[in-house]
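When we follow the working numbering, the leftmost residue of the sequence shown carries the number 96, and every step to the right adds one.
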Amino acid sequence: MAFAIAMASAPAAAQTVMRALPLAPLVLNDAHPVIDAWPAVTLRFDPDARLSLEQAVTAMGGFEVPQTAYATLGLRKKVAWLRVPLVVPPSSDGEWILDFDYTLLNRIEVDVISNGVAVQHAVLGNTQFFMDRPIRSRTHSVLLELKPGSYDLMLRVETQGSMILPMSLSKISAFHNRAINEQMLQGLLSSLPVCLLLYSLLQWIGMREMLYGKYALLILGSGLFSVHFFGIGQQYLWTDSLWLERHMAGLTSLVAACGTALFIEDVLKSDMSVRLRKAMKIGAGLLAFAAVLHAADVIDIYAVSIVMSTLGLMPALMGIPGAIARLRRGDNVGTYFLLAWTGYFLVSAVMVGVVRGSIGANFWTMHAFEFGATFDMLIFMRIAVLRSAAMHVAAQRATLERDNLHSLAHTDPLTGLLNRRGLNTTLAAALHNCNPENLLAVYMLDLDGFKPVNDQFGHDVGDEMLAVVAQRLRATVRNGDVVARVGGDEFVVMAGGLKSDYQAQELGAKLLAIFREPFSLGVEKCSVGATIGYVLAPLDGHDAVDLLKFADAAMYAGKQGGKNTLRRANAATFVAGAAEANPAKAASAA
């Protein structure tokens, strides 16, 4: 995320060049409800933090104009004293709110000096309990109650991070309007990570897709960092928890970087070597370990910044080759990754400039991280959705290929009917549902006169006849009945849900009737007949193999009896079938 590079810049401090220059005081005119204080700021650094307020007031002549970018002094551990001269005209009611619109400042001592004497004092900063703040707002603010006259506003600023100091003096109504507008913006920008987090968790739980769990980790870290950066966390979530306020920046940045590494490795794993993927996972583990060490106060925020400057940038840098490979293949995932990282580095450059004091602090630069993080979240969610869609398509393709293989193994290629293997599977399943009140009829059909057709007209015409016979059989049976081709000119029809042998005979007669009309095969017309033998399950047996054997025996008996007949297997058929399977047992039965 964008804050990775911003934190990575922490070890480097901007060199501030100052020049002495008297500045005109700020005139607090009520006609201008919001006044920017930075143009009137002069400053003096206190490296040893020994300068008292009295000494700072005495040495005001040594204060100089900062030469860093607007409203930022860069990264400094030393204390900075700021002076802002003020003039309150008689027309003003004297009530002005001093506001610092950067929430990560640790301690700000505010003193209003009149004629060398402090007439008002306040302590601000995120290391103060929220309930002890002069104004319980998102930012650090205090109400100044001033009488007409001239004042010096003395500010002692101490922080462990960057001294970003967007300062303003506002009338109460203007301050509240600005606060409400910012709260509305933060509400909108903060609600998006919450929705994405809930969605990714539900997807993770529902689909058991680990990619969404990794995305949730990324969103959690990024969203909480933003909430912390803009003071929403201390205002609403961890009010008066100074431990969280001190550790949240480091913990959330490390968690987000860890989630980013795992997410990128998961999405681009097919384009990464095993060694590179292992390195990404090890890096993510080290980031998580650094978060534990920071939580235990073993390493401070500066050590975290060193970790982020190396391991934090690792996911994007190591993922670029894989994203380019995807892009070359025309995969949109590669395009989205490169788009996200382009925005990532641009926003990071802005953040680094503000943190180091080379780019001014204003609305757009202060919100650059949040806008960039929101853009990254949406891009990464799009990548996750594309990955899930690709996996779904792959699963559908695998299912289709499996079904096709199953169909090839169980279907006759000439007629499209089930083959013997498919029939055996279907018949075995159907036997579980039949009973004396729900009979299953199995018909064995053998064509009469098919060989002469083959000999006279050739095999192509014979194959066409078999296909037409299959069509007529399917058109005759009921929905749910099964037709199979089990030999050269042998077919099996399986019909369930029958109540009596009479119904079975009626269906058998319909099957015979389809052969009364000649078959038109191109320019030729051919006639064939059929002999049918059938059995009823469970009356005639329960075993699929035996039933087919008995039906075949009945059909063979019908051919011997004159062909073009319908015959049900009888006791003699069963004995004949048993004799074929077990001669000794059949002789005993006879």
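We put the beta carbon where it would ideally sit given N, CA and C, even for glycine.
Values in this document were obtained by computation on a predicted structure and should not be read as measured data.
- Here G220 has L200, N201, R202, I203, H235 as same chain residues with Cβ atoms under 7 Å from its own Cβ, once five neighbours each way along the sequence are excluded.
- G407 has no beta-bridge partner at all, per DSSP.
- In the three-state DSSP reduction, L170 falls in the strand class (E or B).
- Around the beta carbon of W176, 16 or more other beta carbons lie within 10 angstroms, which makes this residue buried.
- If you look at G603, you'll find it in the alpha helix (DSSP H) that goes 596-608.
- Around the beta carbon of T198, 16 or more other beta carbons sit within 10 angstroms, so the residue counts as buried.
- Put simply, the stretch 179-190 does not touch the stretch 466-480. Fewer than three CB pairs are less than 8 Å apart.
- G575 is classed as exposed because its beta carbon has fewer than 16 other beta carbons within 10 Å across all chains shown.
- Restricting attention to D635, A648, F552, M589, the CA atom closest to the CA of V572 is found in M589.
- With fewer than 16 other CB atoms across the displayed protein chains lying within 10 angstroms of its CB, E532 is exposed.
- According to the DSSP assignment, S348 belongs to the alpha helix (DSSP H) that extends over 337-362.
- Taking each of G583, T660, E559, A565 in turn and checking the Cα distance to L616, the smallest one comes out for E559.
- Annotated as proximal: V630 and A646, with beta-carbon spacing under 7 Å.
- Per DSSP, R370 is one residue of the alpha helix (DSSP H) stretching across 369-390.
- Looking at the DSSP output, D194 shares a beta bridge with S236, S263.
- Counting only residues of its own chain and dropping the five nearest sequence neighbours on each side, R372 has a CB closer than 7 Å to the CB of E360, K364.
- Where F458 is concerned, the enclosing alpha helix (DSSP H) starts and stops at 458-461.
- Here S257 carries a strand assignment [DSSP, helix/strand/coil].
- The DSSP-derived three-state label of K654 is helix.
- For Q566, the enclosing alpha helix (DSSP H) covers residues 554-571.
- Counting the other Cβ atoms within 10 Å of the Cβ of E465 gives 16 or more, which makes it buried.
- W333 sits in coil when the DSSP states are folded into three classes, being neither helix nor strand.
- In the DSSP assignment, F614 falls within the unbroken beta strand (DSSP E) covering 614-616.
- Between I230 and V152, the C-beta spacing is not below 7 Å.
- Counting along the chain, S365 sits inside no beta strand (DSSP E), nor does DSSP assign it H or E at all.
- Among the bridge pairs identified by DSSP, A632 is matched with L535.
- In the structure shown, H216 adopts extended strand secondary structure according to DSSP, grouped into three states.
- DSSP, reduced to helix, strand and coil, places E304 outside both helices and strands of the structure shown, so it counts as coil.
- Going by C-alpha positions, R424 is about 15 Å away from V362.
- Between T355 and F320, the C-beta spacing is not below 7 Å.
- In this structure, P613 sits away from C529, with a CB-CB distance that is not shorter than 7 Å.
- Here R228 is buried, its C-beta having at least 16 other C-beta atoms within 10 Å.
- Inclusion of N659 and G624 in the CB contact set at 7 Å is warranted, their separation being smaller than that value.
- G169 has its alpha-carbon roughly 14 Å from the corresponding atom of Y397.
- Taking G628 as reference, the option from N210, G657, E277 with the minimal CA-CA separation is G657.
- Taking a C-beta distance under 7 Å as the contact criterion, A664 and A523 do not qualify as a contact pair.
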